[in-house]
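First residue of the sequence shown? That's 0 in numbering that gives the first Met the number 0, and the numbers climb one at a time after it. Each residue gets a CB set at the ideal place from its N, CA and C atoms; glycine is no exception. Encoded as structure tokens, the structure appears first; notes follow it.
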Amino acid sequence: MLNIHNLSISFGGVYLFEEISYKLTAGDRVGLVGKNGAGKSTMLKILSKEQQPDSGELAMDKEVKIGFLKQDIDFVQGRTVVEEAYEAFTSIKKIERDIDAINKQLEERTDYESESYNQLITDLSDNTQHYEILGGYNYQGETERVLQGLGFLREDFDRLTDTFSGGWRMRIELAKLLLQKNDILLLDEPTNHLDIESIIWLENFLKTYPGVVVIVSHDKMFLDHVTNRTIEISLGRIYDYNKPYSQYLVLRKEIREQQLAAQKNQSKQIEQTEKLIEKFRAKASKASMAQSLIKKLDKIDRIEVDEDDNAVMRINFPVSTQPGKIIMEAENVGKKYGEKEVLKDIDLLIERGSKIAFVGQNGQGKSTLAKIIVDEISFEGTFKLGHNVEIGYFAQNQSEYLDGELTVHDTMIHAANEKTRSKVRDMLGAFLFRGDEVDKKVKVLSGGERNRLALCKMLLQPFNVLVMDEPTNHLDIKSKNVLKEALKIFEGTLILVSHDRDFLQGLSNTVYEFKEKKIKEYLGDINFYLEQRSLNDLRDIEKKDNSAEKTVSNGKESAKLSYEHQKKLKSLNNKLSNLESKINKLEQEIKAIDVELAINYDETISKPDFFDQYQSKKEELATLMERWEVVQEEIDSLSS
0 MLNIHNLSIS FGGVYLFEEI SYKLTAGDRV GLVGKNGAGK STMLKILSKE QQPDSGELAM
60 DKEVKIGFLK QDIDFVQGRT VVEEAYEAFT SIKKIERDID AINKQLEERT DYESESYNQL
120 ITDLSDNTQH YEILGGYNYQ GETERVLQGL GFLREDFDRL TDTFSGGWRM RIELAKLLLQ
180 KNDILLLDEP TNHLDIESII WLENFLKTYP GVVVIVSHDK MFLDHVTNRT IEISLGRIYD
240 YNKPYSQYLV LRKEIREQQL AAQKNQSKQI EQTEKLIEKF RAKASKASMA QSLIKKLDKI
300 DRIEVDEDDN AVMRINFPVS TQPGKIIMEA ENVGKKYGEK EVLKDIDLLI ERGSKIAFVG
360 QNGQGKSTLA KIIVDEISFE GTFKLGHNVE IGYFAQNQSE YLDGELTVHD TMIHAANEKT
420 RSKVRDMLGA FLFRGDEVDK KVKVLSGGER NRLALCKMLL QPFNVLVMDE PTNHLDIKSK
480 NVLKEALKIF EGTLILVSHD RDFLQGLSNT VYEFKEKKIK EYLGDINFYL EQRSLNDLRD
540 IEKKDNSAEK TVSNGKESAK LSYEHQKKLK SLNNKLSNLE SKINKLEQEI KAIDVELAIN
600 YDETISKPDF FDQYQSKKEE LATLMERWEV VQEEIDSLSS
């Protein structure tokens, strides 16, 4: 379908990639990966013919249609959502106009026996037939299905696109591309503006896409679920394997290890041959043998090991002072933007050390509550922070707060204080801004570089509570992994707004779902939440939403728990979690002793006070189990 041969492109004399070749065929769902700045978006622009390479060829059939979802889009003002989506069907819309024009003429004319009137009848029949073949009777229903899958409500269809944010406009553009049924679909960060439900819908849509799909994404789970091939751009070369991303990483690691082993063996052989050559050169009788070995050495193809770009940023979020037990408390909190009510009667209690994820569809109030927490916007109700709480905040559009005219270095210097000013260059180096890169102006940085700079700037001030709103947007996969590890060991309180399931795994122990102006608490990690919501089939969500679901809710409705109940239940669940942790630890200790007894009974029982300690652990375990049952019964009673 598309052949790429000896493709090269450079900027400022430095090659992004040089003389690379590959082929795309129907059914390929390619994950195009690499670090920020590796050339992924440039590759998409070349494939879409928006940009010309320095050298190389692209060969494809004339009939091949290409759809390209870019990061920057322009909309014609004055169209509604559904009207903009219908722009995907240019041929159908043209025939509709033709049919309307013919019908209007037929209504006005009375020369029923004339040749021109009969020609109109023939044209109407031909157009109607063509209209049916193109799917004219189905496109409206298909459009509604795709728009709803991407998160639009029916009442949104007749709203003007001008009234939607950039993220929602991106969804409309994505809907148009999916409806066009292009032969090749190029998607640049399609999940950046989607919530979890819409991402899963898009995954299911793309899995059965008959044409070629090329996806630039830093969402590892999305790539694993959708793609069947990975092309990585690294240090000017490409690595191409018919595997999803995670499997590709394993395979590439194995191949590199094999290359290293083969190179090591070859180096030994070369070293031995060179020693023989030196030895034989000294003897006239062995000179011909030495020459033979030299020729043999010249013919050897030296084994090369794939280069690996392992440069990653280094992050550590230090905790400032120890805050009180209660970090923040909200009661009857609400927020309206004009006539639109986003949050209503929200009650929330967050304790020290909590690791919390805010999830839900876009526009349901996740970022709004984050802004209320950091005192960035006004609201109704009562909200108070606990003792000694110091908040570090990473906004969804954090990079937009950066002054484009300042250099990277000046951005940090302006935000630093006397204690941190001397550390600025070291900090920038840890975030991969080295050498002349610190003198770049912010306006020329890529999205990922800006996010890195914004993260670096955050660390200039101490905090013990971290509120992060979509921190992974524009970060490459390696940088995201580094950020995730830093957040895992962060000893403070963490609140994450994110739609990235892989990133959230292992980072939170409580999930708050935002829906219909309320929040609902799930006492578990993101996987527990996904299981509870059965997000693998979005139709099940609607069914479950209409059925009685036993959950902990923060509203004031009669069927839900009161605020005081919520506080008590929160405390009981924390107690239960602590008991389970102690029980698990004791069971492991007793199991280890049992294994030791089985292996070396005599030596084990000869230890001082062995049986007393062993029996004491068993008794403690029995006591903890009894306490666990009591607490669990209290939770069940309170929940019902």
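Delimiting residues of the beta strand (DSSP E) encompassing MET327
That run of the beta strand (DSSP E) goes 325–336.
Taking its Cβ as the centre, do 16 or more other Cβ atoms sit within 10 Å of GLN397, making it buried, or is it exposed?
Around the CB of GLN397, 16 or more other CB atoms lie within 10 Å, so the residue is classed as buried.
Could you compute how far the alpha carbon of ASP271 sits from the alpha carbon of ASP300?
For the sequence presented, residue 271 should be read as Gln rather than Asp. Between GLN271 and ASP300, the C-alpha separation is close to 16 Å.
Between the segment 519–529 and the segment 233–250, do at least 3 Cβ pairs fall closer than 8 Å?
Look at the beta carbons and you see the segment 519–529 not touching the segment 233–250: under three pairs across the two are nearer than 8 Å.
For LEU105, count neighbouring C-beta atoms within 10 Å of its own C-beta (all shown protein chains included) and say buried if the count is 16 or more, exposed if not.
Exposed, since its Cβ has fewer than 16 Cβ neighbours within 10 Å.
Residue closest to ASN35, alpha-carbon to alpha-carbon, out of GLY505, GLU448, LYS278
For ASN35, the closest C-alpha among the options GLY505, GLU448, LYS278 is that of GLU448.
The segment 487–499 contacting the segment 401–420, beta-carbon criterion three pairs below 8 Å
A contact between stretches requires three or more CB pairs, one per stretch, nearer than 8 Å, and the segment 487–499 fails this requirement with the segment 401–420.
With a threshold of 16 other CB atoms inside 10 Å of the CB of PRO189, please say whether the residue is buried or exposed.
Looking at its Cβ environment, which holds 16 or more other Cβ atoms inside 10 Å, PRO189 is buried.
Length-filtered (4 minimum) alpha helix (DSSP H) runs lying within the segment 168–248:
If only complete runs of 4 or more residues are kept, the segment 168–248 shows the alpha helix (DSSP H) at 195–206, 219–225, in order along the chain.
Along the chain, where does the beta strand (DSSP E) that runs through HIS129 open and close?
Here HIS129 belongs to no beta strand (DSSP E); instead the alpha helix (DSSP H) covers 114–132.
In terms of residues, what are the limits of the alpha helix (DSSP H) holding GLY391?
Where GLY391 is concerned, there is no enclosing alpha helix (DSSP H), although the beta strand (DSSP E) it sits in stretches over 390–393.
Closest residue to PHE204 among HIS192, LEU184, LEU6 (Cα-Cα distance)
Closest option to PHE204, Cα to Cα, is LEU184.
Where GLU282 sits in the DSSP three-state scheme:
The sequence as given places Lys at residue 282; Glu does not occur at that position. Coil at LYS282, not helix or strand.
Have a look at LEU57, SER47, TYR14, VAL225 and flag the residue whose alpha-carbon is nearest the alpha-carbon of ILE3.
For ILE3, the closest alpha carbon among the candidates LEU57, SER47, TYR14, VAL225 is that of LEU57.
Residue closest to MET220, alpha-carbon to alpha-carbon, out of PRO461, ASP499, LEU292
The residue among PRO461, ASP499, LEU292 with its C-alpha nearest the C-alpha of MET220 is ASP499.
If you compare alpha carbons, which of GLY446, LEU459, LYS422, ILE101 is closest to LEU123?
Taking only the C-alpha atoms, the option nearest LEU123 is ILE101.
Would a C-beta distance cut-off of 8 Å place LEU474 and LEU482 closer than the cut-off?
Yes. Within cutoff.
Below 8 Å between beta carbons: does that hold for ASP187 and LEU43?
Yes.
Taking just the CA atoms, how far does LYS516 sit from LEU495?
Rounded to the nearest whole angstrom, the CA to CA distance from LEU495 to LYS516 is 19 Å.
Under 8 Å between the Cβ atoms of ASN227 and SER319?
Judged by their CB atoms, ASN227 and SER319 are not nearer to each other than the 8 Å cut-off.
Which of helix, strand or coil does DSSP assign to VAL75?
In this structure, VAL75 counts as coil in the three-state DSSP scheme.
Would GLU548 be called buried (16 or more neighbouring beta carbons within 10 Å of its own) or exposed?
The pLDDT assigned to GLU548 is 43, lower than 50, so where the model puts this residue is not dependable; a value taken from the coordinates is nonetheless given after this. So GLU548 counts as exposed.
Here's a check: name, in chain order, each residue in its chain whose Cβ is nearer than 7 Å to the Cβ of GLN210, leaving out the five neighbours to either side.
The residue you asked about is not Gln; residue 210 is Gly in the sequence shown. So the qualifying residues of the chain are ALA25, ASN181, ASP182, ILE183, LEU184.
With 16 other CB atoms within 10 Å as the buried threshold, where does TYR130 fall?
The residue is buried, with at least 16 neighbouring Cβ atoms inside 10 Å.
Please determine, among CYS455, HIS413, THR79, LEU503, the residue with the shortest C-alpha to C-alpha distance to ILE195.
Checking every option, the nearest Cα to that of ILE195 belongs to LEU503.
Assign MET685 to one of two classes, buried (16 or more other C-beta atoms within 10 Å of its C-beta) or exposed (fewer than that).
The structure shown does not extend to residue 685, since the chain spans only 0 to 639, so no value can be given for it.
Straight-line CA distance for THR142 to PHE156?
Those two C-alpha atoms are separated by around 10 Å.
Got a sec? Which residues, its chain only, sit under 7 Å from TYR247 by beta carbon, not counting five neighbours each side?
Within the same chain, TYR247 has close Cβ partners THR229, TYR240.
Using a 10 Å radius around the Cβ and a threshold of 16 neighbouring Cβ atoms, would you call ARG538 buried or exposed?
Model confidence at ARG538 stands at a pLDDT of 38, short of 50, so the residue's coordinates are unreliable; what they give is reported in the following sentence. Exposed is the call here.
Along the beta strand (DSSP E) that carries GLU49, what are the first and last residues, could you check?
Unbroken run through GLU49: none, as it is neither H nor E.
Compute the minimum distance between the beta carbon of GLU114 and the heavy atoms of the ligand ZN, and state whether it is under 7 Å.
Absence of the ligand ZN from the depicted structure is noted, as is the absence of any ligand whatsoever, leaving it without description.
So what does LEU347 bridge to, in DSSP terms?
According to DSSP, which records beta bridges pairwise, LEU347 is partnered with ALA329.
Using CA atoms only, rank isn't needed, just tell me which of THR109, LEU31, VAL423 is closest to VAL437.
It is VAL423.
Let me know if LYS339 comes out buried or exposed under the rule of 16 or more other beta-carbons within 10 Å of its beta-carbon.
That one is exposed.
Residues bridged to ASN2 (per DSSP)
Checking the DSSP bridge columns, you'll see ASN2 partnered with LYS22, ALA58.
When DSSP builds the beta bridges, which residues end up paired with LYS514?
Answer by DSSP bridge pairing, in chain order: LYS517.
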